[in-house]
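Below is one structure, written out as structure tokens; comments come after it.
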Amino acid sequence: MASAALPEISKPKIVDGPGGYVLEDVPHLTDYIPDLPTYPNPLQDNPAYSVVKQYFVHVDDSVPQKVVVHKDDPKGIHFRRAGARQKASIQGIDGDKTCSRQLNQDSMHLGQPTSPPIVGDDDLREALVYFHSDDVHACIVTCGGLCPGLNTVVREIVCGLHHMYGVKKVLGIDGGYKGFYAKNTVYLNPKVVNDIHKRGGTILGTSRGGHDTSKIVDSIQDRGINQVYIIGGDGTQRGAALIFEEIRRRGLKVSVAGIPKTIDNDIPVIDKSFGFDTAVEEAQRAINAAHVESESFENCIGLVKLMGRYSGFIAMYATLASRDVDCCLIPESPFYLEGPGGLFEYIEKRLKEDGHMVIVIAEGAGQELLSQSIQSTTDASGNKLLQDVGLWISQSIKDHFSKQKMPINLKYIDPTYMIRAVPSNASDNVYCTLLAQSAVHGAMAGYTGFTSGLVNGRHTYIPFNRIIEKQNKVVITDRMWARLLSSTNQPSFLRPSTNLFSNENGSQKSLDKRVTH
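Per the working numbering, the very first residue in the sequence shown carries number -13; after that it's consecutive.
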């Protein structure tokens, strides 16, 4: 990721409250451009929203990161609740104006334990935005690999800006980050994006790499763009953070909003990433095919490789959903092949008992067992290139049973690109819509340097630094992994010398030096 001068990442905005309440706030344009003018929120006059009395969220509503808490640590970190902003005040008994605090069962407001009265129709309301609709010139860019739902997010940003806020100027950046300075653009409106949610891929095109912070911000400035919507994974969000920092350094009135995208579901903090449900659903087709094949031949193994470079969520959830899988291998859980308790012993046991079995393996599993020849090679986004563990383990299984003089059949299915190229399902379409609309509300309210994401079932604005600080991984000391082991009846494949424990961040470390995470 190249840049003429990478700006220093600013410190997080932390707001402390009573009882251990901590708000990790997102930046606002007024942090570095004071006295910005405000405008009435067009949603107040929008017939679709004016009848919904509680559509607006209070400016101070927040959502806790943790739902399950200990009595000695009841509050902890919160994130700003997403949605159209509303500042509301009521006339108190003593004549002072007191801000109302509209809460729900999943949100907390400045550490207050109980919900104050809800503001009524006669109360003084003020709903403001920091951009006049006629002045908004927005752009949208998609980066990195494909994921179900990309087109839905693009569509709903365009339609949200147009239908909710009356914004007419929306530009699509073609081909990822490099499109900013390659002059590849397309103007977007509701008619252009009307049915794109029914297609896989992205109508804007995408690419890996091509990030040059100075050139990108120069292009944003030259084009007069003042809202930037960036859809991509952790590498893309790192680039978005650099773009935001450079924009702030230059003092530009430009909101930068991220929408997190990863089919692997490996972005931290958020409940899940869009496209994940579709990927798990589509993976069932491959697993079902492997199951049919394995049942139809003697001593047959159906082997399915699924996406999951560093995180095995797709493999784990697809296995749990299928109930036909006998073994699931993921990057977070080390395994070995030979000897007692190894994979080969388990395969032989299942074949002798049932005559068939299905194995699901994530693409990043078992990489420490393969050759070290390309471990230092990376793609244009800086991701380490992985060897094809599916082909390797297929051949290893065949070689082992050939030596054992035990005839087997093995059917290898790799649906990797089929899974990520399909249109999003109904659940993901709704989720993408809410993510996109949350990003639009945040940008119009003047927030910047944030990612919109679902936390504990509520949409929030999360600072870039929290999204890019680490990767979300399956915790194999957690109950979900125990549920999988119970479903497949597979052993843990851990050597006796391997000691796994959870650190304070919820990830596991291994004392067995042959495995690194």
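Cβ atoms here follow ideal geometry from the backbone N, Cα and C, with glycine treated the same way.
*Below 8 Å on the Cβ atoms is my guess for T305 versus T474; work out the distance and round it to an integer in Å.*
Indeed they touch by this definition, with Cβ atoms about 7 Å apart.
*Could you give the distance in angstroms between the alpha-carbon of K258 and the alpha-carbon of N212?*
A direct Cα-Cα distance of roughly 29 Å separates K258 from N212.
*Exposed or buried, which one is L22 when buried takes at least 16 other CB atoms within 10 Å?*
Exposed, by the Cβ-count rule.
*asked:* On a Cα-Cα basis, can you pick out the residue from I217, D46, L289, V156 that is closest to K177?
replied: Considering only I217, D46, L289, V156, the residue with the shortest C-alpha distance to K177 is V156.
*Please decide whether G350 counts as near chain B, where near means a Cβ-Cβ distance under 9 Å.*
Chain labels in this structure do not include chain B; a single protein chain is all it has.
_Do T446 and R71 count as a contact pair if the criterion is CB distance below 9 Å?_
No, the Cβ-Cβ distance between R71 and T446 is not below 9 Å.
*Can you check whether the CB of I399 is closer than 9 Å to the CB of G350?*
With contacts defined by Cβ atoms closer than 9 Å, G350 and I399 do not form a contacting pair.
*With 16 other Cβ atoms within 10 Å as the buried cut-off, status of S472*: Label assigned to S472: exposed.
*To which residues does DSSP link E10 through a beta bridge?*
Beta-bridge partners assigned by DSSP to E10: I0.
*Straight-line Cα distance separating G186 from V311*: Rounded to the nearest angstrom, the gap between the Cα atoms of V311 and G186 is 28 Å.
*Kindly identify the DSSP beta-bridge partner or partners of S241.*
In DSSP, S241 forms a bridge with Q213.
*If you count every other CB in all the chains shown that lies within 10 Å of the CB of L377, and 16 or more means buried, which is it?*
L377 comes out exposed.
*With distances taken between CB atoms, is the gap from L337 to I287 smaller than 9 Å?*
A contact, by the Cβ cut-off of 9 Å.
_Looking at G130: is its Cβ nearer than 9 Å to the Cβ of G219?_
Using a Cβ distance threshold of 9 Å, G130 and G219 count as a contacting pair.
_CB of H260 within 9 Å of CB of S410, strictly_ = With the sequence shown as reference, residue 260 is identified as Phe, and His is not the correct amino acid for it. In this structure, F260 lies near S410, with their beta-carbon atoms less than 9 Å apart.
_Measuring only the C-alpha atoms, how far is S359 from R295?_
Only weak support exists for where S359 lies, its pLDDT of 39 falling under 50; the value from the coordinates is given anyway. For S359 and R295, the distance between alpha carbons rounds to 18 Å.
*C-alpha gap between C85 and L114, whole angstroms*: Residue confidence is low: C85 scores 35 on pLDDT, short of 50, so the model does not pin down where it sits. Its coordinate-derived value is still stated next. Taking the Cα positions, C85 is about 15 Å away from L114.
_Inter-residue CB distance, A307 and I405 (contact presumed, cutoff 8 Å)_ = Cβ atoms of A307 and I405 stay farther apart than 8 Å, at about 13 Å.
*Please state whether DSSP places I249 in a helix, a strand or coil.*
Note: I249 maps to coil in three-state DSSP.
_Using 8 Å as the cut-off, can you tell me whether the segment 114 to 125 makes contact with the segment 246 to 258, which would need three or more C-beta pairs spanning the two stretches below that distance?_
Counting Cβ pairs under 8 Å, fewer than three are found: no touch.
*Would you mind stating whether M466 and M302 have Cβ atoms separated by less than 9 Å?*
Result yes, Cβ atoms of M466 and M302 sit closer than 9 Å.
*When the distance is taken between beta carbons, is P254 closer than 9 Å to K384?*
Contact annotation: K384 and P254 have beta-carbon atoms that are not nearer than 9 Å.
*Do you know offhand how far Q381's Cα is from Y417's?*
Cα to Cα, Q381 sits roughly 40 Å from Y417.
*If we ignore side chains and look at the alpha-carbon of each, how far apart do K397 and I347 end up?*
CA-to-CA, the gap between K397 and I347 works out to about 13 Å.
_Straight-line Cα distance separating Q207 from R236_ = Computed Cα separation, rounded: 10 Å.
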